[in-house]
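A quick write-up on the structure given underneath.
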Amino acid sequence: TNPGEKEYMEQLGKSVDTVLTGQGLSQYDSLLSSFSGNSQAKGLLSKAMGMLKSGDSTGAIDTLNKLSDVEMTPDQKQLYTEFKKSADVYVMGNSFDTSDPAISGPVNNTIAAIQTGDTIKASQGLQELYGMTELSPEQKELVGKIAAQYSGVDLSGLDKAQKAAGSVKDML
Numbered sequence: 086t087n088p089g090e091k092e093y094m095e096q097l098g099k100s101v102d103t104v105l106t107g108q109g110l111s112q113y114d115s116l117l118s119s120f121s122g123n124s125q126a127k128g129l130l131s132k133a134m135g136m137l138k139s140g141d142s143t144g145a146i147d148t149l150n151k152l153s154d155v156e157m158t159p160d161q162k163q164l165y166t167e168f169k170k171s172a173d174v175y176v177m178g179n180s181f182d183t184s185d186p187a188i189s190g191p192v193n194n195t196i197a198a199i200q201t202g203d204t205i206k207a208s209q210g211l212q213e214l215y216g217m218t219e220l221s222p223e224q225k226e227l228v229g230k231i232a233a234q235y236s237g238v239d240l241s242g243l244d245k246a247q248k249a250a251g252s253v254k255d256m257l
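The numbering of the sequence shown is the numbering used here, which starts it at 86 and goes up by one.
Here is the structure:
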């Protein structure tokens, strides 16, 4: 790796870990206190953080996606968006073996897009990852849940379409 890439990877590793410490924890605390009168939102947020800490990435993302449906003030929505980005980065960084060159580029590019708020590139990266054969079913499910938030598209439909196309091809 060249020096620029090495520094980037080190910085990426540090930013991935900050969701349970530093910036991510501060975002969590701010969002949690903003929900002081909303027990449903508080409960979902606390549940998601517990899942992140216990390693249940898919459950945490699913719960955070449910939280997005709760009515929020504009300030709460902004706090939620910042925390969700941190959680997505954390989950992406901890759910993939980036030593695999086939996966590292798309994962790192997707993480960078999420961090910078580039929803178009994040969505494209998530779609690319979802289509990779190297992913486990759990990783595919996780990517699909994250992608639903960025693109509003349920990527599991792609699997169904691919299987249907394969069945039609097999019949011919």
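Where a beta carbon is used, it is the ideal one built from N, C-alpha and C, also for glycine.
D147 versus S180: straight-line alpha-carbon distance, rounded: 15 Å
For A232 and Y215, believed in contact at Cβ under 8 Å, the rounded distance: 6 Å
C-alpha distance - E167 paired with N150, whole-angstrom precision: 13 Å
Three-state class that DSSP yields for L110 in the structure shown: In the three-state reduction of the DSSP assignment, L110 falls in the helix class.
L152, enclosing alpha helix (DSSP H) - first and last residue: Unbroken alpha helix (DSSP H) run through L152: S142 to L152.
A145 vs A133 beta-carbon contact at 9 Å: yes
P120 to Q161 span [Cα, whole Å]: The question names Pro, but residue 120 in the sequence shown is Phe. Taking the straight line joining both Cα atoms gives about 8 Å.
Best match in L110, L164 and Q224 for proximity to L116 [C-alpha to C-alpha]: L164
Exposure label - I196; buried when at least 16 CB within 10 Å: buried
Run of the alpha helix (DSSP H) containing E167, from where it starts to where it stops: Its alpha helix (DSSP H) spans residues P159 to S180.
8 Å contact criterion, which A207 and Y175 should meet: CB distance rounded: Not really, about 15 Å apart at Cβ, beyond 8 Å.
Collapsed DSSP secondary structure at G128 in the structure displayed: helix
Alpha-carbon spacing of V192 relative to M177, whole angstroms: In a straight line, the C-alpha of V192 is about 7 Å away from that of M177.
Own chain partners of S189 with C-beta closer than 6 Å, once the 5 adjacent residues on each side are dropped: T183
Residue nearest to Q209 in terms of C-alpha spacing, selected from A198, E219 and T218: A198
Among Q200, L220, A187 and P186, the one whose alpha carbon lies nearest that of Q108: Considering only Q200, L220, A187 and P186, the residue with the shortest C-alpha distance to Q108 is Q200.
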